Amino acid sequence: MENPTLTGLLKKVASEFPNRRAISVSGKFDLTHARLQELVEHAASQLLAAGIGPHDTVALTFPNTIEFVVMFLAVIRCRATAAPLNAAYTAEEFEFYLSDSESKLLITAEKPIQSALTAASKLSIPYVTASLPDSAAHISLSSTTTAGKPSSDSVSELVNDPSDVALFLHTSGTTSRPKGVPLTQLNLASSVRNIRSVYKLTESDSTVIVLPLFHVHGLIAGLLSSLTAGAAATLPAAGRFSASTFWSDMLAYNATWYTAVPTIHQIILDRHANKPEPAYPKLRFIRSCSASLAPSILTRLEESFGAPVLEAYAMTEATHLMCSNPLPEDGEHKPGSVGIPVGQELAILNENGVVQPNDVSGEVCIRGPNVTKGYKNNPEANKAAFTFGWFHTGDVGFLDSDGYLHLVGRIKELINRGGEKISPIEVDAVLLSHPEIAQAVCFGVPDDKYGEEINCAIIPREGSSIDDEEVLRFCKKNLAAFKVPKRVFITDSVPKTATGKIQRRIVAEHFLAQISTAKVPKFGA
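This is the structure in structure tokens:
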């Protein structure tokens, strides 16, 4: 393959496209690829002087800012490991993540998060703040606090190795504590190459980042794939997604595509319906990933914005991308499918490790250079996930005759109603096809007769007066009787992760807590 390290790919791009725009902060400043590389090298020198070197872990907690981008790249340039963290964590959560990652230093925004500082102090981890006052300056670090003995190496002498652990993230596990996922320079380089290849990203492309950069989706698919293609990425001025500025940023920076989770797509659609923009950019494609996109939402996106919507399948352990629907010129994109494998092997296995034929469901398993070698300090999880020579995703799905993957659901989230295994994704999709339902999520609850029953929570569209009886009538018309929810919760919100992802277990706990006689379902028990 081409250069097997992410840092090598970025250096190559800075040499080939030095004067092309690499990254912008909306309405503030633009950086070229050459300038970004210069900032990264200088910041890496500061980290070396502060005692950070190969195999150290550095935690970072920022909004989506240029400081995060530069410091993230500077950390991995030092052959150290970057561990991005969500600024919304509590002090207890920060303490867990800082400890589990064995972080040696914490880098924060100029106005640090107190909960992060509290945790770092408790663990005796030093911290510094980082700021870039303007595009002509260098990153300014707030303190000369050292995390160890200053390195005698200069940045120019450091050679990044494909085996260097560059990124450390945690899974958002459904039934257990988050697992630490180390990802190497090779993993990152392989993944961005796969993403650039399937979407044909070039130096002519441009995107606006709408997802948090502490998450693998926004970081790998949005930012790093763009930068390594010589393309451009724009960060919203607010440091996060804003529906009110999204399209103006897309127009101002000549965006050709964007990637988001279904929740954000729905927000964008709702704004389009209630407050349409005077003009929209001409997009090559829209990408959806990290959760199932209902075919009805996909169709509305395509009709509203005149671009193909390509649903993809990804997870942290695969350094994001596993499958994607192709661009129209390269093949059919199928609503309800997450597409074909990209740059890796994929198979459907039964519980004995036997590959299943087309149209037969089993566990989705993968292997390839983008896949982590294993969870950190977690032999039990590794034993369960890495068997028969494959990484087991925990997802159930099947391949059709064209090689497209169709997901049925998480193994631990399938609803077992009297022996019938029901996919909550399927029920979600039917609910979302109702014109008055904006969001829907189904989940299993304990039942004395059937073992489990189906419940669902829905968020009506603005101005709708839909009630639970109408929801149930619609389900009975469009679903087999055993798939119809027994109870409907009508609400104005459902619990989500920081990236807009819905975890059914958390939703179930939230709504079942309202019923005093109910027990929280134990998925996977």
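Everything in the sequence shown is counted per full-length UniProt numbering, starting at 1 for the first residue and increasing by one. All C-beta atoms, glycine included, are put in the ideal place defined by N, C-alpha and C. For clarity, every value in this text was computed on a predicted model and none was experimentally measured.
Item                                                                                                                                              : Value
Segment contact, 8 Å Cβ cut-off, at least three pairs: the region 128-138 with the region 149-169                                                 : no
Reference G180, options N378, D161, V371 and P435, closest by Cα                                                                                  : N378
Closest residue to E332 among F398, Y404 and L167 (Cα-Cα distance)                                                                                : Y404
Beta-carbon contacts of S225 that lie in its chain and below 7 Å, excluding the five residues immediately before and after                        : V192, I195, R196 and L201
Selected residue, minimal CA-CA separation from W390, among K376, T372 and D402                                                                   : T372
Beta-carbon gap between E303 and G339 smaller than 8 Å                                                                                            : no
A429 versus P446: straight-line alpha-carbon distance, rounded                                                                                    : 23 Å
G463 versus N274: straight-line alpha-carbon distance, rounded                                                                                    : 11 Å
Reference H215; option with closest CA among F305, S190, A83 and L346                                                                             : A83
Spatial distance of P357 from L399 (CA atoms)                                                                                                     : 8 Å
Where H406 falls: helix, strand or coil (DSSP)                                                                                                    : strand
Alpha carbon of Y258 to alpha carbon of V159, nearest angstrom                                                                                    : 33 Å
CB contact flag (I297, Q266, <8 Å)                                                                                                                : yes
S206 vs A232 beta-carbon contact at 8 Å                                                                                                           : yes
Delimiting residues of the beta strand (DSSP E) encompassing Q356                                                                                 : Where Q356 is concerned, there is no enclosing beta strand (DSSP E), given that its DSSP letter is neither H nor E.
Whole runs of the beta strand (DSSP E) within the UniProt domain "AMP-binding enzyme C-terminal" (426-501), excluding any shorter than 3 residues : 437-447, 451-460 and 487-490
Distance cut-off 7 Å: H510 Cβ against heavy atoms of the ligand MN                                                                                : Ligands displayed in this structure: none; no statement on the ligand MN is therefore possible.
L105 and F94 closer than 8 Å at C-beta                                                                                                            : no
Local Cβ density within 10 Å of V484, reported as buried at 16 or more and exposed below that                                                     : buried
DSSP state of E102 mapped onto helix, strand, coil                                                                                                : coil
Beta-carbon spacing of P281, N64 below 8 Å                                                                                                        : no
8 Å Cβ cutoff met for F29 and D100                                                                                                                : no
Alpha-carbon to alpha-carbon, E420 and V360                                                                                                       : 16 Å
Cα-Cα separation between T184 and T57, rounded to whole angstroms                                                                                 : 13 Å
Supposed close pair L414, L227 - CB separation, criterion 8 Å                                                                                     : Not quite, the Cβ-Cβ distance comes to about 39 Å (not below 8 Å), so this is no contact.
Nearest neighbour of L283, chosen from F511, L301, S401 and P460 [CA to CA]                                                                       : L301
A347 versus S292 - alpha carbon distance                                                                                                          : 20 Å
Close beta carbons around K334, own chain, < 7 Å, minus the five adjacent residues each side                                                      : N325 and Y404
Beta-carbon proximity list for T90, same chain, < 8 Å, skipping 5 on both sides                                                                   : S115
Beta-carbon proximity list for R20, same chain, < 8 Å, skipping 5 on both sides                                                                   : T32, H33, E203, G230 and A232
Boundaries of the beta strand (DSSP E) in which T393 is found, first to last residue                                                              : W390 to L399
Cβ separation of Y253 and V198, assumed to be a contact under 8 Å, to the nearest whole Å                                                         : The Cβ separation is near 23 Å, so there is no contact.
Spatial neighbours of T386 in its chain, beta-carbon cut-off 7 Å, leaving aside the 5 residues before and after                                   : As written in the sequence, residue 386 is Phe, which differs from the Thr given in the question. Within the same chain, F386 has close Cβ partners G374.
Pairwise C-alpha distance: N350 and V342                                                                                                          : 22 Å
V75 - containing alpha helix (DSSP H), residue span                                                                                               : I66 to R77
Enclosing beta strand (DSSP E) for G180 [first to last residue]                                                                                   : G180 to T184
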